[in-house]
Structures are given as structure tokens and as C-alpha cells.
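Q: Before I ask anything, let me first share the structure, which is written out below as C-alpha cells.
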Amino acid sequence: MMPRETLKYLNGYSLQLREQALELLDRERSGPWLLQKYPKAHQWASEKALYGYARDIKDRYMRSSAPVSKVVYDDRLHVIKNALGLHTYVTRAQGGRLKSKNEIRISSLFRRVPEPFLRMILVHELAHLREKEHGKAFYQLCCHMEQNYHQLEFELRLYLCHRDRFGDLW
């Protein structure tokens, strides 16, 4: 039986996939494989750039959905309990009115990852604007916005396992 803590980000996947991932990690091939597939980090390191990137994705696929008021990197958001990002719906009282805003927070460790990984996280959080629960409709929307959504999620989780063992790549 393989140690569970070694692949904590991949616990939801089949035993066969976890064994393949563990083999890549144990043979120290995960880093070279990821670097060959994704040679460089994305260009959206500032929060202004991140907001613009998220807005572009939303405008392309979800124009009629509620607007997003804030998209930020969050140093306090750790990749624990499988959370890669966080979508929040904030309601504040302003005068005699209630004002609602959608906010997306992305863990700061994703400030330097390849663009497809960042896109997958943003697609996931944007999908929560329409679908609050992780059901069939939610994942269909994710796949509509990012055709390789499931593969990218797996590879990002493999990277997180690699990062725990060996450190950052980008």
C-alpha cells in the first residue's frame, strides 16, 4: 500500500493513476516531465494582470453571469483540503442597501506556474458564478471553458506533489 501523505493532492484519483504518479515522483522524473510539457511560468504575476486575465475568460464564456469585482493572489490561502482557489460571494451593507460582490482568491503559490494551470484554476472558480456545487453541470461548464480541464487538474495536482517533495519548478 502506498503512503497516503505522499500523494495527498491525488487522493481522489484511481489507484492506477496514483501508482503512475508515485513512480514518476520516486524516480525523480516528475520535474523533467512537467518542465518539458510546461517550460515556463505565466505572465500574470500582478493582481491587475490576473484580474484582466480572469475577466477575459469570463467575457468569452460567461458574459451574462454576474460580474467579478476582485481577483487576487492570497498569501493566506494555502493549498490545504484540496483548495486551489476560493470563490466568495460578499454582501455588505452600504447605507440602506445591500451590495453584493463576487471575489476570487488564488493561492499565491500559483503566481509562478504555467499558464494552463492558472487558467484551469480560474475556470474552476469562474464556474462557481453559475454553479455553486461540484456537480455534473459544474464540470460540464469547466470543460466548456477549458477543454483539457480534467487533465490539467491532474497535472497541477501532480506538480503540487512534486513541489512538496522537491520544491518549485518555475
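For reference, each letter of the sequence shown is one residue, going -4 to 165 in our numbering. We treat Cβ as the ideally placed atom computed from N, Cα and C, and that holds for glycine.
Quick check on Ser25: buried or exposed, where buried means 16 or more other Cβ atoms within 10 Å of its Cβ?
A: Residue numbering aside, residue 25 sits at position 30 when the sequence shown is read from its first letter. When all chains shown are included, Ser25 counts as buried.
Q: Just to confirm, is the Cβ distance from Leu121 to Arg100 under 8 angstroms?
A: As a working note, residue 121 is residue 126 in the sequence shown. As a working note, residue 100 is residue 105 in the sequence shown. No, they are not a contact pair.
Q: Round the Cβ separation of Arg13 and Leu2 to the nearest angstrom and send it over; I've been treating them as touching at under 8 angstroms.
A: Translated into the one-based positions of the sequence shown, residue 13 becomes position 18. Translated into the one-based positions of the sequence shown, residue 2 becomes position 7. That pair is a contact at about 5 angstroms.
Q: Using a beta-carbon distance below 8 angstroms, is Gln11 in contact with chain D?
A: In the structure shown, chain D does not exist; there is a single protein chain.
Q: Taking Ile116 as the reference, give the member of Lys32, Leu81 and Asp159 with the closest Cα.
A: By 1-based counting over the sequence shown, the position of residue 116 is 121. Selected option, being the one with the closest Cα: Leu81.
Q: How would you label Asn6, buried or exposed, when you count the other beta carbons within 10 angstroms and need 16 or more for buried?
A: Locating residue 6 in the sequence shown gives position 11, where the first residue counts as 1. Answer is exposed; the Cβ neighbour count stays below 16.
Q: Of the choices Asp69, Met140 and Phe112, whose alpha-carbon is the least far from that of Lys32?
A: As a working note, residue 32 is residue 37 in the sequence shown. Nearest of Asp69, Met140 and Phe112 to Lys32, Cα basis: Phe112.
Q: Starting from the C-beta of Arg152, find all residues in its chain whose C-beta is less than 7 angstroms away, skip the five residues before and the five after it, and write them out in chain order.
A: Taking the first residue of the sequence shown as 1, we reach residue 152 at position 157. Excluding residues within five positions, the ones whose Cβ falls inside 7 angstroms are Tyr4 and Leu5.
Q: Expressed to the nearest angstrom, what Euclidean distance is found between the alpha-carbon atoms of Leu104 and Val66?
A: For the purposes of this step, residue 104 is taken as the residue at position 109 of the sequence shown. For the purposes of this step, residue 66 is taken as the residue at position 71 of the sequence shown. Using only the alpha carbons, I get a separation of about 15 angstroms.
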